[in-house]
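**Q** The working numbering puts the sequence shown at residues 11 to 114. Glycine included, C-beta positions come from ideal geometry on N, C-alpha and C.
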Amino acid sequence: MPIDPEFKSKRQVVGEHNGHPVWGPVDPPKVLGIHGDKVAVDFDLCIADGACIDACPVGVFEWVDTPGHPASDKKADPVNEDQCIFCLACETVCPVEAIKIFVE
Ligand code: F3S
Ligand code: F3S
Ligand code: ZN
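1) Tell me where the beta strand (DSSP E) around Ile-63 begins and ends.
2) Sorted by chain position, which residues of the same chain lie with C-beta nearer than 7 Å to Phe-96's C-beta, five sequence neighbours on each side aside?
3) State the start and end residues of the unbroken beta strand (DSSP E) segment that holds Ala-86.
4) Since Val-36 contacts Gly-46 with CB under 8 Å, what's their CB separation in whole angstroms?
5) Alpha helix (DSSP H) containing Glu-101: first to last residue?
6) At a cut-off of 6 Å, is Asn-90 close to ligand 5 when judged by its beta-carbon and the heavy atoms of the ligand?
7) When you compare each of Ala-86, Gly-29, Cys-62 and Arg-21 to Thr-102 by their alpha carbons, which one comes out closest?
Structure (structure tokens):
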């Protein structure tokens, strides 16, 4: 199941993390929500494949540790989403389609 492209109309911002919004629901450590605004990563889908980190030409992502999460114990966090040049590489390479880019 990929990230819901309509999540912004269905979820609410429940917090902030590394300068970006977190879209709920969240119930750590097992439910972590979606991180980001322009570059959105569904932490509950991410399996820590890392292809997005390798593919991004401008270093948008950094690992964050998420011990106790059922899918993986680290996630690609869009800490530098403001640097995104909308190349869409990350969306394409993620094996579980956990990423959705919102082109301005
Ligand atoms: Fe990087 Fe994805 Fe943007 S690969 S440049 S975060 S579209
Ligand atoms: Fe996670 Fe997909 Fe990146 S599984 S680490 S968001 S390639
Ligand atoms: Zn985050």
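**A** The answer reads as follows:
1) Unbroken run through Ile-63 is the alpha helix (DSSP H), 61-65; no beta strand (DSSP E).
2) Ile-111 and Val-113
3) 84-87
4) That belief does not hold up - the Cβ atoms of Val-36 and Gly-46 are roughly 14 Å apart, past 8 Å.
5) 99-103
6) This structure simply doesn't include ligand 5; it includes ligand 1, ligand 2 and ligand 3 instead.
7) Cys-62
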